[in-house]
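Student:
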Amino acid sequence: MGDLGLFGPGSVTWRVHGEPILIVAGLRALLLQSLHPRALAGVVQNSDFRTRPWHRLETTATYVVTVNYGTTADAEKAGRNVRYIHSKLHATDPRTGERFRLDDPDLLRWVHVVEQESFLDVARRSGVKLTDDEADGYYREQLRAAELVGLDPATVPASQAEVAAYYEKMQPQLATTRDTVESMLFMAVPPMPFGLGWTPLRGVYTGVAALSLGLLPAWARQRYGLPGIAATDPAASLLIRLLRASLSTIPRRLIEGPIYKGAMARARAAGHPV
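Here my numbering is used: the first residue of the sequence shown is 30, the next is one more, and so on.
Here is the structure:
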């Protein structure tokens, strides 16, 4: 009962991931990850995301919450499951025809870095106050999450400067393929769950998807054929702040899941203010 997991109270991870606004960061990460042809091919060729997009989203979100707020045993079990699944899967490079494994460290590193950079970027731009030292601390903490999926922490960028250099290095490997465009359009207008279809929820989701695109780095927006002008960044930052303010009016008990609530209960039992 006293296990506070991989991070715990006082960690930058708990400060960042306690924000409901990070749902936007998840979509931003998917859009950015899709610019890597091999990473996208691994998903397209091995996933049922087109027929069950909300199930995939729920599964991914549950994994992230388990790693960040679950017990150490739960986080390690989730990591073992991911490593086992990846070890069994292969895909074909759409450009070269080469077969590759989904547990290729280069692919795992791309997915990890994009996720963590997206979480941190959206949190800070929405108004979560973090110093540069704290932002670097977040990347260092998340090396534990990288290790869970099978990465050597020594090979993973662990600061803002290292992430920026990594993105610069990776850009020649990125491309806007037909799969990239189709995936972007699917993520922008997916089938809505529970038969909601063309209801106001559709409009809300479309707005969030558009905001996620606007929050991408300028070089990524340009690859999607969108404006890469500097004016896009402050506009997106203003909108994400307004959305975070709107979400803050919703009672937290309505949006806190059982894994998060369990972590808070264990922290309080251990005498930590949360």
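Think of the CB as a built atom: it goes at the ideal place given N, C-alpha and C, for glycine as much as any other residue. Everything numeric in this text was worked out from a predicted model, so none of it was measured.
For Pro49, which residues in the same chain have their Cβ closer than 7 Å to its Cβ, ignoring the five residues on either side in sequence?
Tutor: Leu276, Ile284, listed in sequence order.
Student: Does the Cβ of Asn97 have 16 or more other Cβ atoms within 10 Å, making it buried, or fewer, making it exposed?
Tutor: Result: buried.
Student: Assuming Ala183 and Arg169 form a contact by the criterion Cβ under 8 Å, report the distance between their Cβ atoms to the nearest whole angstrom.
Tutor: Not a contact, Cβ separation roughly 12 Å.
Student: Please name the residue in Arg85, Val72, Ala104 whose C-alpha comes closest to that of Leu33.
Tutor: Cα-wise, what sits closest to Leu33 is Ala104.
Student: Flag Met221 as yes if its beta-carbon sits less than 7 Å from any beta-carbon of chain C, otherwise no.
Tutor: Looking for chain C here will not work: only one protein chain is present.
Student: Assign Phe215 to one of three DSSP states: helix, strand, or coil.
Tutor: Three-state DSSP puts Phe215 in a helix.
Student: In the DSSP assignment, find the beta strand (DSSP E) that holds Arg282 and state where it starts and stops.
Tutor: That residue, Arg282, is in no beta strand (DSSP E); it is neither H nor E in DSSP.
Student: Would you kindly report the start and end of the unbroken beta strand (DSSP E) that includes Phe148?
Tutor: Not the beta strand (DSSP E): Phe148 falls in the alpha helix (DSSP H), residues 134-154.
Student: Is there at least one non-hydrogen atom of the ligand ATP closer than 6 Å to the beta-carbon of Met221?
Tutor: The model depicted lacks the ligand ATP and carries no ligand whatsoever.
Student: Distance, Cα to Cα, Gln62 vs Arg231?
Tutor: Distance between the alpha carbons of Gln62 and Arg231 is about 24 Å.
Student: May I ask you to verify whether the stretch 56-70 touches the stretch 232-252, counting CB pairs closer than 8 Å and requiring at least 3?
Tutor: A contact exists between the stretch 56-70 and the stretch 232-252.
Student: For Gly236, count the other beta carbons within 10 Å of its own beta carbon; 16 or more makes it buried, fewer makes it exposed. Which is it?
Tutor: Its Cβ having fewer than 16 others within 10 Å, Gly236 is exposed.
Student: Confirm, please, whether the CB-CB distance from Pro38 to His301 is below 7 Å.
Tutor: Cβ distance < 7 Å, so His301 and Pro38 count as in contact.
Student: Taking all protein chains shown into account, do 16 or more other C-beta atoms lie within 10 angstroms of the C-beta of Gln200, making it buried, or fewer, making it exposed?
Tutor: Gln200 comes out exposed.
Student: Does the stretch 99-113 come into contact with the stretch 144-163, if we say contact requires no fewer than three beta-carbon pairs (one atom in each stretch) closer than 8 Å?
Tutor: These segments do not touch.
Student: Tell me which residues share the same chain as Tyr195 and place their Cβ nearer than 7 Å to its Cβ, disregarding the 5 neighbours each side in the sequence.
Tutor: Cβ within range, chain order: Val142, Pro186.
Student: Of the residues Leu272, Gln202, Ser76, Arg112, which one's Cα is nearest the Cα of Glu176?
Tutor: For the residues Leu272, Gln202, Ser76, Arg112, the minimum Cα distance to Glu176 belongs to Arg112.
Student: Should Leu203 and His65 be called a contact, given that it needs their Cβ atoms to be closer than 7 Å?
Tutor: Going by C-beta atoms, Leu203 is nearer than 7 Å to His65.
Student: Nearest to Glu144 by CA position, among Asp122, Leu172, Glu127, is which residue?
Tutor: Answer by Cα proximity: Leu172.
Student: Which value, in whole angstroms, describes the spacing of the CA atoms of Leu69 and Lys117?
Tutor: Rounded to the nearest angstrom, the two C-alpha atoms are 17 Å apart.
Student: Using the three-state DSSP reduction, which class does Ala120 fall into: helix, strand or coil?
Tutor: Residue state, collapsed to three classes: strand.
Student: Do you know how far the Cα of Arg273 is from the Cα of Tyr234?
Tutor: When rounded, the distance between both Cα atoms is 15 Å.
Student: Quick check: what's the CA-CA separation for Ile52 versus Ser147?
Tutor: Spanning the two alpha carbons is a distance of roughly 10 Å.
Student: For Gly112, which of helix, strand or coil comes out of DSSP?
Tutor: As written in the sequence, residue 112 is Arg, which differs from the Gly given in the question. Residue state, collapsed to three classes: helix.
Student: Under 7 Å, do Glu163 and Val41 count as touching if we go by C-beta distance?
Tutor: Yes, Cβ-Cβ distance for Glu163 and Val41 is below 7 Å.
Student: On the criterion of 16 or more Cβ atoms from any shown chain inside 10 Å, does Leu137 qualify as buried, or is it exposed?
Tutor: So Leu137 counts as buried.
Student: Closer than 7 Å by C-beta to Thr278: which residues in its own chain qualify, once you throw out the five before and the five after it? Chain order, please.
Tutor: None.
Student: Whole-angstrom Cβ separation of Asp132 and Arg67, contact assumed at under 8 Å?
Tutor: Contact flag wrong, Cβ pair sits at about 12 Å.
Student: Below 6 Å CB to CB, which residues in the same chain sit around Leu159 once its five sequence neighbours on both sides are set aside?
Tutor: Excluding residues within five positions, the ones whose Cβ falls inside 6 Å are Arg153.
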